[in-house]
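Report on one structure; see the data block that follows.
Number of protein chains: 2
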Amino acid sequence: MPRGDSSALQIREASLELFFRHGVSGTSLRMVAESLGVTKAAIYHHYRTKDDIVRAVLDPAFTTFTTLVERVDALPPDEQVMALVRGLARQAVVHRRLYAVTLHDVTAAELRRGSAQEQTFRRMRDLLAGPASDRGSVARSALFLSGLMAPAVDADLLAMDGAELEAAIIEAGARLLGRD
Amino acid sequence: MPRGDSSALQIREASLELFFRHGVSGTSLRMVAESLGVTKAAIYHHYRTKDDIVRAVLDPAFTTFTTLVERVDALPPDEQVMALVRGLARQAVVHRRLYAVTLHDVTAAELRRGSAQEQTFRRMRDLLAGPASDRGSVARSALFLSGLMAPAVDADLLAMDGAELEAAIIEAGARLLGRD
DNA sequence: GTCTATATTTGGATAGAC
DNA sequence: GTCTATCCAAATATAGAC
């Protein structure tokens, strides 16, 4: 990473990579600065606090989820489950690391707690569980949502072709959540 | 937690609770000490470093996984997938927090990297994928493994009756990984 | 086995020069 | 927009008394 080029975008990209590898609270601003070849003070010129960076990194993911849920909510009930599965599969594959940190990191979860985003995650699980929502389908929906971090966690999936992986996740969703 | 009773076991229990809620690197020894009503120095009497505590907390989980894999490896091939699913479902339900931290926390993953435990996790995934091991079944296996942290992540699953949740996870495994 | 006190390092954050 | 230098708080860890 060439010095003199640490724009806000580069800071977010470097941060996401480190958040993914070491966790949000395991990542210091010194680590971010060093990975960009600048000093901490340079970072602080672009963001006021570490928390601002965390929010800026995670925000696009939250927006994506909210948009997805709104779009799926507008569909006929019998299309909702698989539309959401397809949308989530796409996100989990295209933005593997962002998705993993958003879903998975404890600090991200704390940030989410009590916010509108928490409602969005809850709504996703309920949409996946369908109108019946017996405890079995709620459990399978939650398992599917947690399972979506697999593309970021498993080394072989991380290396797998995007389209193929996306198709595999969609099939997994159909098996787990499809009509009995 | 009464003071004067912070044995090594109590330190591990308090640490696990905090690791689960705040992540390993989000948990300080001060937090552990305060939750036990003692000082940091008392903790250091029982463990030499924070890393020692982390290892001591996670070790039982690793042992359980290793034992489970050895047991499943000795079974006839056509029984292996569902035996492993049942074993994992049991662990995921009974030791929700320990399981979640072990599988899920980035610091735990770093600790695992390059160790024998990494091989055990790999072996679990391969056993679940079965002998064919096309990329689709590898993806579904990885998704199931990641999905097993759902009981620790989802509030409703966290509250669900153990036996019922275990049965739901086993059914999810059968749907995802069962013979086509 | 736990305490008080302290050493040392790291992390978040700011001031002011260039 | 980046630097050096610095502040302050918190974290890991140790020493020595009780």
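Protein sequence lines, in the order shown, are assigned to chains A and B. Numbered per my numbering, the first sequence spans residues 1 to 180. Numbered per my numbering, the second sequence spans residues 1001 to 1180. Positions of the beta carbon are idealized from the N, C-alpha and C atoms, including for glycine. A quick note: this is a predicted structure, and the numbers were derived from the prediction, not measured.
- Here residue 1173 of chain B carries a helix assignment [DSSP, helix/strand/coil].
- Listed along the chain, the chain A residues whose CB falls inside 9 Å of the CB of residue 1168 of chain B are 135, 136, 137, 138, 139, 140, 143.
- Taking 9 Å as the upper bound on Cβ-Cβ separation, chain A lies near residues 1103, 1104, 1105, 1106, 1107, 1109, 1110 of the stretch 1088-1117 of chain B.
- Contact annotation: residue 176 of chain A and residue 1172 of chain B have beta-carbon atoms nearer than 8 Å.
- When the Cα atoms are used, residue 1046 of chain B and residue 1052 of chain B turn out to be separated by approximately 10 Å.
- Considering only beta carbons, no part of the stretch 68-86 of chain A lies closer than 7 Å to chain B.
- Below 8 Å, enough C-beta pairs join the stretch 80-94 of chain A and the stretch 57-71 of chain A to call them touching: three or more.
- Between the stretch 70-83 of chain A and the stretch 159-169 of chain A, the count of Cβ pairs shorter than 8 Å is below three; the stretches do not touch.
- In the DSSP assignment, residue 1099 of chain B falls within the alpha helix (DSSP H) that extends over 1096-1104.
- Around the CB of residue 131 of chain A, fewer than 16 other CB atoms lie within 10 Å, so the residue is classed as exposed.
- In the structure shown, residue 114 of chain A falls within a coil segment according to DSSP collapsed to helix, strand and coil.
- Its chain contains 129 as the residues whose beta carbon lies nearer than 6 Å to that of residue 138 of chain A, once the 5 sequence neighbours on both sides are disregarded; these appear in chain order.
- Closer than 8 Å to the CB of residue 1149 of chain B there is at least one CB belonging to chain A.
- Across the set B:1095, B:1027, B:1123, B:1153, the C-alpha of B:1153 shows the shortest separation from the C-alpha of residue 113 of chain A.
- Listed in chain order, the alpha helix (DSSP H) elements of length 4 or more contained wholly in the stretch 1006-1073 of chain B are 1008-1022, 1029-1036, 1040-1046, 1050-1073.
- Contact check for residue 58 of chain A against residue 127 of chain A fails: the beta carbons are separated by 8 Å or more.
- For the options A:17, A:95, A:144, the alpha carbon positioned closest to that of residue 82 of chain A is the one of A:144.
- Beta-carbon to beta-carbon, residue 36 of chain A and residue 61 of chain A are separated by about 22 Å, too far to satisfy the 8 Å threshold.
- Between residue 23 of chain A and residue 1107 of chain B, the CB-CB gap stays under 8 Å.
- Here the alpha carbons of residue 179 of chain A and residue 135 of chain A stand approximately 15 Å from one another.
- When the alpha-carbon of residue 1147 of chain B is set against those of B:1043, B:1103, B:1034, B:1010, the nearest one is in B:1103.
- Of the residues A:44, A:159, A:124, the one whose Cα lies closest to the Cα of residue 30 of chain A is A:44.
- In the structure shown, residue 179 of chain A falls within a coil segment according to DSSP collapsed to helix, strand and coil.
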